[in-house]
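These notes concern the structure reproduced below.
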Amino acid sequence: MASVGQIIFYSMIVIIFILAGLIILLLAIGLSGSSGSGLVQSSVQYPVGNLYNSVVLNCKFVAVDSKGNAVSNIAITWAYQGGIVFKYASKVNQLQNQLPQFKSRASLFPNDIINGNASLMLNNVQLNDQGAYQCTVSTSAGSGDVTVNLRVAAYSAPVFKTSNAMLIATAQTWYPLPTVQWTNFNGTVISTSLNSSANSAGIYKITTVLPSYKQDDNYGLTIQNNLVVSVCTVIVTDSGITANNNYQFNGAILLLPYWSLTCLHFPILLHWILS
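Residue 92 in full-length UniProt numbering sits at position 92 of the sequence shown, and the numbers go up by one each step.
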């Protein structure tokens with residue numbers, strides 16, 4: 001028969017894991033799908049911008065009132081760290097107080113505003129652009145806001161060549177530093193070799209080698225960091241190298257609060273005390 005201490009111990013394990021599951025579920029619900037007020041929404045809450053390229057921060061608003069009429073008096077403000085990224089009101093851009101960091105790099109989609117598009121286009125993305133952006137919209141029907149969290153990475157598709165029975169892939173820009181893996185046609189990992197060098201800005205050029213390959217066989221190359229996954233399929237034939245690449249972007253990382261991690265260790269401590 002189980003002792004009182006064992007009963008308490010196993011009961012606590014069950015309770016703690018139920019609580020941990022509820023915490024994870026609540027966090028997942030909070031970070032998934034569209035977010036924002038009823039009037040203003042964002043369908044992409046955690047976009048990933050590619051360094052030195054353009055990124056769109058998604059923000060949409062309800063463009064009709066309760067009677068189905070088009071709203072008027074549309075005002076849009078994008079803010080970052082308490083400053084103005086872009087402001088639109090009275091049908092004109094109002095950039096007098098724009099943060100210098102975003103001068104000539106931020107814009108809206110003027111022809112789509114009437115249709116409820118308040119999204120921000122940010123050009124020449126920099127590493128220090130990452131963070132939380134607030135989109136606030138007010139119209140004759142009301143007002144609302146939504147937060148969009150921009151993450152910045154650097155990523156590029158690999159370029160392939162063959163040399164001495166080896167298949168070599170080089171990607172010019174990656175940040176943070178990724179890992180790589182080669183797989184054969186049935187998904188078995190056959191190489192994880194990686195050589196990297198960083199420029200003065202800390203951006204990596206990477207090279208990875210498949211030591212040997214068979215002509216007409218399909219291979220996969222995955223390059224990934226915590227933000228971006230590049231998945232490439234490649235085949236070498238008599239006519240040359242054919243490669244197809246696509247990107248996948250990681251969602252927000254769910255982090256349990258520190259107190260929940262402490263709770264998970266509590267049954268172990270309790271068992272030690274009772275034993």
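Cβ coordinates follow ideal geometry from the N, Cα and C atoms, glycine included.
query                                                                                                                                                                       : result
Drop a sphere of 10 angstroms on the beta-carbon of Leu150, count the other beta-carbons inside from all chains shown, and report buried for 16 or more, exposed for fewer. : buried
Can you list, in chain order, the residues of its chain with a C-beta nearer than 8 Å to that of Ala141? Leave out the 5 residues immediately preceding and following it.   : Leu39, Val62, Val64, Asp65, Ser66, Val71
So what does Thr192 bridge to, in DSSP terms?                                                                                                                               : Paired residues: none, contrary to the question.
Are Leu51 and Ala171 closer than 8 Å when you measure CB to CB?                                                                                                             : no
So, are the CB atoms of Ala106 and Leu122 less than 8 Å apart?                                                                                                              : yes
Assuming Ile168 contacts Thr207 (C-beta within less than 8 Å), just tell me the rounded distance between them.                                                              : 7 Å
So, at 7 Å on beta carbons, what are the nonlocal neighbours of Gln81 in its own chain, with the 5 sequence-adjacent residues on each side left out?                        : Gly131
Report whether the distance from the Cβ of Tyr133 to the nearest heavy atom of the ligand MG is below 7 Å.                                                                  : As far as ligands go, the structure on display features none, and thus does not contain the ligand MG.
In the structure shown, what three-state DSSP assignment does Asp65 receive?                                                                                                : coil
Do you know how far the Cα of Ile223 is from the Cα of Thr179?                                                                                                              : 6 Å
Round the Cβ separation of Ala75 and Ser138 to the nearest angstrom and send it over; I've been treating them as touching at under 8 Å.                                     : 5 Å
Roughly how far, in whole angstroms, is the beta-carbon of Phe86 from the beta-carbon of Leu120, given that I think they are within contact range, below 8 Å?               : 6 Å
Would DSSP call Phe109 helix, strand or coil?                                                                                                                               : coil
Within 10 angstroms of the Cβ of Ala89, are there 16 or more other Cβ atoms? Answer buried if so, exposed if not.                                                           : exposed
With a Cβ-Cβ cutoff of 8 Å, do Val146 and Gln215 count as a contact?                                                                                                        : no
Who does Asp145 pair with in a DSSP beta bridge?                                                                                                                            : Thr136
Tell me, please, which residues DSSP counts as bridged to Ala169.                                                                                                           : Phe160, Thr208
I'd like to confirm the pairing. Which residues does DSSP put opposite Asn184 in its beta bridges?                                                                          : In the DSSP output, where bridge partners are listed per residue, Asn184 has none listed.
Does DSSP classify Gln94 as helix, strand or coil?                                                                                                                          : coil
Are Gln45 and Val189 closer than 8 Å when you measure CB to CB?                                                                                                             : no
Got a sec, what are the start and stop residues for the beta strand (DSSP E) Ser230 sits in?                                                                                : 228-237
When you compare only the Cα positions, how much space is there between Gly49 and Asn226?                                                                                   : 13 Å
What three-state label does DSSP hand Ile241 in the structure shown?                                                                                                        : strand
If I measure Cβ to Cβ from Ile203 and keep anything under 6 Å in the same chain, skipping five residues before and after, which residues do I get?                          : Ala154, Thr173, Tyr175
Have a look at the DSSP bridge pairing and note the partners of Gly49.                                                                                                      : Val152
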